[in-house]
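J.: Residue numbers for the sequence shown follow this note's numbering, beginning at 63 and rising by one.
Structure below; questions to follow.
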Amino acid sequence: LIKANAPVIKGVYTALIKSGKGVAVKRSEVKPGDFVQFWFVWRSGSYGHCGVVKSIGKNTLTLYSSRPASDGFSVHTYPFPHKAYFVRLK
């Protein structure tokens, strides 16, 4: 599904666009508060996550999100992922 860029892998991006509540955003136009669904893809597998963009750097993506390791909400910085889908609420 990831290699085929199937709509289902785009998570919050697809949900907001299909419901008419969001618009797609190019990486160069991302602003704090936009949503992102992303994926890292390796030979051994893949890892996906979503959250609210705090900042975007040349090689990093910083999000407000939750995950088990943080026991709830926190700020996470990731290397820029292999696939990223950004969406902004209308």
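All residues carry an ideal CB built from backbone N, CA and C; glycine is no exception.
(1) I'd like to know whether the C-beta atoms of G84 and V149 end up nearer to each other than 9 Å.
(2) Quick one: grab the DSSP three-state call for A131.
(3) In three-state DSSP terms, what is I118?
(4) Determine the direct distance from the alpha carbon of S117 to that of S108, and round the result to whole angstroms.
(5) On the premise that Y75 lies in contact with Y147, defined as a C-beta separation below 8 Å, what is that separation, rounded to the nearest angstrom?
(6) Less than 9 Å between the beta carbons of G110 and I71, yes or no?
(7) Under 8 Å by Cβ, that's how I've got V114 and T124 pegged, so tell me the actual separation to the nearest angstrom.
T.: According to the structure data:
(1) yes
(2) helix
(3) strand
(4) 23 Å
(5) 4 Å
(6) yes
(7) Wrong, their Cβ atoms sit about 10 Å apart, outside the cutoff.
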